[in-house]
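Visitor:
Number of protein chains: 2
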Amino acid sequence: MTVDAKPFAVAVCASALPIGREVYESVLGDVASVVLLTELDPGARADALRSADALIVLAPHAELSAEERGQLDRLRFVQTLSVGIDHIPPGLFPDDLPMGNTAGAAAPAIAEHIVAMALAAAKRLMAEHANLAAGRFGYGRENRMLAGGTACLYGYGEIGRETARLLRAFGMRIEALNRSGRRDGHVDWIGSDADLEACLDRCDLLAVTASLNPATRGRIGAAELARMKSDAILVIASRAAIVDQAALYRHLQDTPGFTACIDTWWRETMALDTPFEPEFPFLDLPNVIGSPHNSGLVPGALDMLAASAARNVRNFLTGEGPVAFVADADRAA
Amino acid sequence: MTVDAKPFAVAVCASALPIGREVYESVLGDVASVVLLTELDPGARADALRSADALIVLAPHAELSAEERGQLDRLRFVQTLSVGIDHIPPGLFPDDLPMGNTAGAAAPAIAEHIVAMALAAAKRLMAEHANLAAGRFGYGRENRMLAGGTACLYGYGEIGRETARLLRAFGMRIEALNRSGRRDGHVDWIGSDADLEACLDRCDLLAVTASLNPATRGRIGAAELARMKSDAILVIASRAAIVDQAALYRHLQDTPGFTACIDTWWRETMALDTPFEPEFPFLDLPNVIGSPHNSGLVPGALDMLAASAARNVRNFLTGEGPVAFVADADRAA
Chain A
8 MTVDAKPFAV
18 AVCASALPIG
28 REVYESVLGD
38 VASVVLLTEL
48 DPGARADALR
58 SADALIVLAP
68 HAELSAEERG
78 QLDRLRFVQT
88 LSVGIDHIPP
98 GLFPDDLPMG
108 NTAGAAAPAI
118 AEHIVAMALA
128 AAKRLMAEHA
138 NLAAGRFGYG
148 RENRMLAGGT
158 ACLYGYGEIG
168 RETARLLRAF
178 GMRIEALNRS
188 GRRDGHVDWI
198 GSDADLEACL
208 DRCDLLAVTA
218 SLNPATRGRI
228 GAAELARMKS
238 DAILVIASRA
248 AIVDQAALYR
258 HLQDTPGFTA
268 CIDTWWRETM
278 ALDTPFEPEF
288 PFLDLPNVIG
298 SPHNSGLVPG
308 ALDMLAASAA
318 RNVRNFLTGE
328 GPVAFVADAD
338 RAA
Chain B
8 MTVDAKPFAV
18 AVCASALPIG
28 REVYESVLGD
38 VASVVLLTEL
48 DPGARADALR
58 SADALIVLAP
68 HAELSAEERG
78 QLDRLRFVQT
88 LSVGIDHIPP
98 GLFPDDLPMG
108 NTAGAAAPAI
118 AEHIVAMALA
128 AAKRLMAEHA
138 NLAAGRFGYG
148 RENRMLAGGT
158 ACLYGYGEIG
168 RETARLLRAF
178 GMRIEALNRS
188 GRRDGHVDWI
198 GSDADLEACL
208 DRCDLLAVTA
218 SLNPATRGRI
228 GAAELARMKS
238 DAILVIASRA
248 AIVDQAALYR
258 HLQDTPGFTA
268 CIDTWWRETM
278 ALDTPFEPEF
288 PFLDLPNVIG
298 SPHNSGLVPG
308 ALDMLAASAA
318 RNVRNFLTGE
328 GPVAFVADAD
338 RAA
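If you read the protein sequences in the order shown, they are chains A and B.
Take the first sequence: its letters are residues 8 to 340, numbered as in my numbering.
Take the second sequence: its letters are residues 8 to 340, numbered as in my numbering.
So this is what it looks like as structure tokens:
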């Protein structure tokens with residue numbers, strides 16, 4: 008055993024993101040050797056896969072061939088750089104292989120984005136800016152306050168929690184729905200998916216912050232939208248497919264006072280300035296505010312994600328701290 | 008003296024706003040007779056002016072003729088329905104006549120609007136919405152967080168205080184400038200106008216929340232803007248004339264990363280859908296977000312203003328509570 012030998016080996020195959028090895032090593036370096044698979048020749052790559060205790064991935068179905076996935080003889084942990092894992096085909100890894108995600112790393116940025124969109128809707132920023140640009144001064148048309156309203160957070164993980172904290176400061180009543188029933192000081196009321204209908208009846212703002220899985224896919228359809236107040240605000244922050252897009256498009260057409268703020272889309276490509284071709288022309292509607300799934304993209308975001316992933320891997324391997332595991336329900340998605 | 012006689016008489020001449028007498032009477036009714044001058048014939052109007060202890064006004068130079076102002080024999084207090092009084096010609100009333108304003112009534116709504124605009128700028132909501140509408144998906148272009156940044160509030164009255172409270176929840180450092188030097192729990196640092204330059208050097212967000220008076224008019228010009236970070240965000244919330252508009256327009260042209268959010272304008276008409284004809288084509292710039300001085304126009308805002316004005320008048324006449332007086336410096340504007 009040389010002086011350089013480390014107890015663990017971690018292989019990184021998240022090649023699409025410009026993250027240097029030093030970010031992972033700053034967290035893992037004292038306990039694990041870290042290799043970036045994209046820097047290795049085929050032979051070294053196979054060796055690295057065979058010796059890896061943990062794998063850090065973004066889109067493992069594209070990053071590893073089937074043959075390479077067969078080389079993961081020692082693999083004990085898969086860590087994604089994403090929060091959601093609905094893009095990873097079910098069954099790609101054995102069901103009993105623990106999987107971690109980066110829940111929490113981007114939560115503060117995403118929560119700010121949710122509040123930004125909700126406020127833009129409440130204050131009619133898009134509409135009145137367009138009025139001014141067209142030479143009309145719209146003084147006298149009322150906008151709304153968040154204060155005094157009720158927010159429903161559909162999904163209360165790290166993003167929901169941080170969003171609740173911010174909306175609370177605005178004086179909103181916070182109701183949240185999650186799987187665990189775990190509540191904290193930022194929530195006035197918490198329930199489960201079965202309580203969604205009751206929450207929809209009374210909320211002024213609905214933020215979709217749940218993970219996408221069989222239970223949440225398409226959960227918010229025509230019947231659910233029809234229950235909501237005619238001037239409610241919907242913010243789609245986690246995954247668009249939780250909302251039935253045809254139903255949402257029709258609801259927006261029929262309900263001009265209702266606003267949808269859409270950051271994640273039903274069909275999107277994660278690359279800069281690619282064509283945007285939604286199945287429904289949401290952007291032609293005056294009551295839609297769109298952003299390009301960029302809620303988490305703030306300065307330092309990639310390094311923060313990588314450090315969060317490395318921290319989770321370290322905690323799993325060493326047993327020194329808490330591990331963020333992907334929920335079983337989400338792995339079945 | 009009849010059973011109906013009240014110790015005080017209040018005349019309301021704010022005719023432009025649709026506020027019913029019942030709102031004033033709900034606050035003042037047990038201690039004062041309340042008349043709306045617009046409901047009276049000329050003879051009764053003159054009688055009401057002669058007997059008024061207090062006057063509630065919006066634009067008294069237009070609402071009362073010079074002859075009528077000469078009939079205010081018993082007048083002891085003038086109460087405006089506005090926060091700013093820069094639209095009232097100096098000298099219209101005797102310098103020693105106490106004047107009250109509605110500072111505070113609209114502060115929560117205006118503070119939400121300030122944060123909404125700052126977030127829209129930080130998250131590039133306008134630009135990315137336009138990208139999507141043009142069929143381009145701008146994933147990968149960074150936006151920014153408020154968290155970790157420094158906000159400078161130029162003016163720390165009721166609006167500044169409520170804005171500070173909200174921005175604090177986002178994790179911003181709050182620096183404020185005011186006349187009194189009075190600070191509170193929402194501020195990390197407070198200074199006076201002489202500290203403006205130092206604050207401009209370090210702030211990420213500058214909110215103009217001061218009243219317009221000879222000391223603040225044009226205070227933020229080319230030299231002041233040049234000190235600011237090239238990616239700073241400016242929100243003009245109280246009065247536009249505190250900022251030199253020609254200098255701002257040039258600064259925005261020369262500094263594409265700088266964003267100006269403008270709610271109050273150098274020239275504006277307070278009526279719905281009137282032509283908007285700014286002296287500089289601010290709305291043609293991609294780094295401007297505009298709204299039509301509607302930050303305080305939320306449901307119930309007018310009744311809230313009227314109740315606030317009536318409460319101030321009541322406190323002045325009865326001595327039962329604190330009175331919001333217009334600062335002497337603002338009366339000289």
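All C-beta atoms in this analysis are idealised placements derived from N, C-alpha and C, irrespective of residue type, glycine included.
Answer yes or no: the CB of valine 295 of chain A versus the heavy atoms of the ligand GTP, is any distance below 7 angstroms?
Guide: Among the components of this structure there are no ligands whatsoever, and the ligand GTP is therefore not found.
Visitor: Using only the alpha-carbon positions, how far apart do alanine 339 of chain B and serine 298 of chain B sit?
Guide: The alpha-carbon atoms of alanine 339 of chain B and serine 298 of chain B are separated by roughly 29 angstroms.
Visitor: Which residues in the same chain as tryptophan 272 of chain A place their Cβ atom closer than 6 angstroms to its Cβ, once the five residues preceding and following it in sequence are excluded?
Guide: Closer than 6 angstroms at Cβ, skipping near neighbours: Ala247.
Visitor: Out of B:Pro115, B:Ala217 and B:Met152, point me to the one whose CA is closest to methionine 179 of chain A's CA.
Guide: For the residues B:Pro115, B:Ala217 and B:Met152, the minimum Cα distance to methionine 179 of chain A belongs to B:Pro115.
Visitor: Please report how far the alpha carbon of asparagine 150 of chain B lies from the alpha carbon of arginine 151 of chain A, in whole angstroms.
Guide: When rounded, the distance between both Cα atoms is 25 angstroms.
Visitor: Distance cutoff 8 angstroms, beta carbons only. Does valine 305 of chain A sit that close to anything in chain B?
Guide: With 8 angstroms as the cut-off, valine 305 of chain A counts as an interface residue toward chain B.
Visitor: Of the choices B:Glu327, B:Leu309 and B:Asp103, whose alpha-carbon is the least far from that of leucine 65 of chain B?
Guide: Selected option, being the one with the closest Cα: B:Leu309.
Visitor: Distance check for arginine 28 of chain B and valine 17 of chain B, CA to CA, integer angstroms please.
Guide: Using only the alpha carbons, I get a separation of about 11 angstroms.
Visitor: Please classify glycine 50 of chain B as buried or exposed, where buried requires at least 16 other C-beta atoms within 10 Å of its C-beta.
Guide: So glycine 50 of chain B ends up on the exposed side.
Visitor: Please report whether the beta-carbon of asparagine 185 of chain B lies at a distance below 8 angstroms from any beta-carbon of chain A.
Guide: Closer than 8 angstroms: no.
Visitor: At 7 angstroms on the CB atoms, spell out the chain A contacts of arginine 180 of chain B, in chain order.
Guide: Result: empty, since nearest Cβ-Cβ is about 16 angstroms, beyond 7 angstroms.
Visitor: Inspect the beta-carbon positions of tyrosine 161 of chain A and threonine 216 of chain A and report whether they are closer than 8 angstroms.
Guide: Yes, Cβ-Cβ distance for tyrosine 161 of chain A and threonine 216 of chain A is below 8 angstroms.
Visitor: In the DSSP output, what is proline 282 of chain B paired with across the bridge?
Guide: According to DSSP, proline 282 of chain B bridges with A:Arg143.
Visitor: Answer with yes or no whether the minimum CB distance from asparagine 138 of chain B to chain A is below 8 angstroms.
Guide: Judged by the 8 angstroms Cβ criterion, asparagine 138 of chain B is in contact with chain A.
Visitor: Answer yes or no: does any C-beta atom of chain B fall closer than 8 angstroms to that of valine 215 of chain A?
Guide: No, because no Cβ of chain B sits closer than 8 angstroms to the Cβ of valine 215 of chain A.
Visitor: Can at least three beta-carbon pairs, one atom from the region 189-209 of chain A and one from the region 140-149 of chain A, be found at a separation below 8 angstroms?
Guide: Segments in contact, no.
Visitor: Taking 8 angstroms as the CB-CB cut-off, is methionine 8 of chain A touching chain B?
Guide: The pLDDT assigned to methionine 8 of chain A is 45, lower than 50, so where the model puts this residue is not dependable, and the model offers no usable value.
Visitor: To which residues of the same chain is serine 58 of chain A closer than 7 angstroms at the C-beta, ignoring the five residues directly before and after it?
Guide: Within the same chain, serine 58 of chain A has close Cβ partners Ala16 and Arg81.
Visitor: Relative to the C-alpha of glutamate 46 of chain B, which residue among B:Ala55, B:Ala39 and B:Val38 is closest?
Guide: Of the candidates B:Ala55, B:Ala39 and B:Val38, the one whose C-alpha sits nearest the C-alpha of glutamate 46 of chain B is B:Ala55.
Visitor: Spell out a yes or no on whether the region 103-123 of chain B and the region 222-235 of chain B are touching, meaning 3 or more CB-CB pairs, one atom from each, closer than 8 angstroms.
Guide: Contact fails: fewer than three Cβ-Cβ distances are below 8 angstroms.
Visitor: Determine the direct distance from the alpha carbon of serine 40 of chain A to that of tyrosine 163 of chain A, and round the result to whole angstroms.
Guide: Spanning the two alpha carbons is a distance of roughly 35 angstroms.
Visitor: I need the boundaries of the alpha helix (DSSP H) containing glutamine 260 of chain A, first residue and last residue.
Guide: 252-261 is the extent of the alpha helix (DSSP H) around glutamine 260 of chain A.
Visitor: Let me see if you follow: with CB-CB separation under 8 angstroms, is alanine 23 of chain B close to chain A or not?
Guide: Alanine 23 of chain B does not count as touching chain A.
Visitor: Does tyrosine 146 of chain A get closer than 8 angstroms to chain B when you measure Cβ to Cβ?
Guide: Cβ-Cβ to chain B under 8 angstroms: yes for tyrosine 146 of chain A.
Visitor: DSSP on serine 218 of chain B, reduced to helix/strand/coil?
Guide: Serine 218 of chain B falls in the coil class under three-state DSSP.
Visitor: Can you pull the chain A neighbours of valine 122 of chain B, defined as C-beta to C-beta under 7 angstroms?
Guide: Result: Leu126.
Visitor: Counting Cβ pairs closer than 8 angstroms, one from the region 166-173 of chain B and one from the region 184-196 of chain B, do we hit at least three?
Guide: Yes: at least three Cβ pairs fall under 8 angstroms.
Visitor: Report the rounded CA-to-CA distance for glycine 91 of chain A versus valine 250 of chain A, giving the unit in angstroms.
Guide: The alpha-carbon atoms of glycine 91 of chain A and valine 250 of chain A are separated by roughly 16 angstroms.
Visitor: Which residues, taken in chain order from the region 244-257 of chain A, show a beta carbon closer than 8 angstroms to some beta carbon of chain B?
Guide: If the cut-off is 8 angstroms between Cβ atoms, the region 244-257 of chain A has nothing near chain B.
Visitor: Which residues in chain B sit within 9 angstroms of proline 282 of chain A, going by Cβ to Cβ distance?
Guide: Simply Gly142, Arg143 and Phe144.
Visitor: Starting from the beta carbon of alanine 265 of chain A, find every residue of chain B whose beta carbon is closer than 9 angstroms, and list them in chain order.
Guide: It should be noted that the sequence gives phenylalanine, not alanine, for residue 265 of chain A. Within 9 angstroms Cβ-Cβ: nothing; phenylalanine 265 of chain A doesn't reach chain B, min ~17 angstroms.
Visitor: Would you list the residues sitting across from glycine 297 of chain B in a DSSP beta bridge?
Guide: DSSP lists B:Ile269 as partners of glycine 297 of chain B.
Visitor: Distance check for serine 72 of chain B and cysteine 20 of chain B, CA to CA, integer angstroms please.
Guide: For cysteine 20 of chain B and serine 72 of chain B, the distance between alpha carbons rounds to 11 angstroms.
Visitor: Along the chain, which unbroken stretches of the alpha helix (DSSP H) at least 4 residues long are found entirely within the region 97-152 of chain B?
Guide: The region 97-152 of chain B contains these whole alpha helix (DSSP H) runs: 114-129 and 132-140.
Visitor: Measuring only between beta-carbons, confirm whether leucine 132 of chain B sits less than 8 angstroms from chain A.
Guide: True, the Cβ-Cβ gap to chain A drops below 8 angstroms.
Visitor: Could you have a look at serine 187 of chain B and say whether DSSP puts it in helix, strand or coil?
Guide: Of the three classes helix, strand and coil, the one that applies to serine 187 of chain B here is coil, per DSSP.
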